[in-house]
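**Student:** One structure follows; several queries about it will come next.
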């Protein structure tokens, strides 16, 4: 199992609209990646009782695929459309990583 992890790291003065992210962007992600082999999508909104500090992750999203080839193909095919949507909810850029899930 392969996971594409997207992490949003806070910087002072940044904008992040969780409502738009959790409704519009995650729905678009499911719509675009579903036909490309997406098996699971999770978004973690990290809790910062006093607000996030510079350099702290605020959201981590994990998109799971059966194979590395599926994950890479999904990034290549749907990545540009998903990236174009980012400005709707934030001025941060996600850090993307591929990982193999071990259980």
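Residue numbers (this note's numbering): 1 to 103.
Cβ coordinates follow ideal geometry from the N, Cα and C atoms, glycine included.
A quick note: this is a predicted structure, and the numbers were derived from the prediction, not measured.
#1: Please determine whether the Cβ atom of residue 58 lies at a distance below 7 Å from any heavy atom of the ligand FMN.
#2: Could you tell me which residues DSSP puts in a beta bridge with residue 57?
#3: What are the residues that DSSP puts in a beta bridge with residue 62?
#4: Excluding the five sequence neighbours on either side, which residues of its own chain have a C-beta within less than 7 Å of the C-beta of residue 78, listed in chain order?
#5: By DSSP, does residue 183 sit in helix, in strand, or in coil?
#6: How about residue 21 and residue 92: are their beta carbons less than 8 Å apart?
#7: I'd like to know if the region 36-54 and the region 81-99 are in contact, where contact means that at least 3 CB-CB pairs between them fall below 8 Å.
#8: Does DSSP put residue 96 in a helix, a strand or coil?
#9: Taking the continuous alpha helix (DSSP H) assigned at residue 29, which residues delimit it?
#10: Return the CA-CA distance between residue 98 and residue 50, expressed in angstroms with no decimal places.
**Tutor:** So, from the listed chains and residues:
#1: The ligand FMN is absent from the structure shown, which contains no ligand whatsoever.
#2: Partner(s): 9.
#3: The partner list for residue 62 (beta bridge, DSSP) reads 5, 42.
#4: Same-chain partners within the cutoff: 32, 33, 36.
#5: Outside the displayed span of the chain (1 to 103) sits residue 183, for which this structure offers no information.
#6: In this structure, residue 92 does not lie closer than 8 Å to residue 21 by Cβ.
#7: The region 36-54 vs the region 81-99: no contact.
#8: Strand, per DSSP.
#9: Element bounds for residue 29: 26-33.
#10: For residue 98 and residue 50, the distance between alpha carbons rounds to 31 Å.
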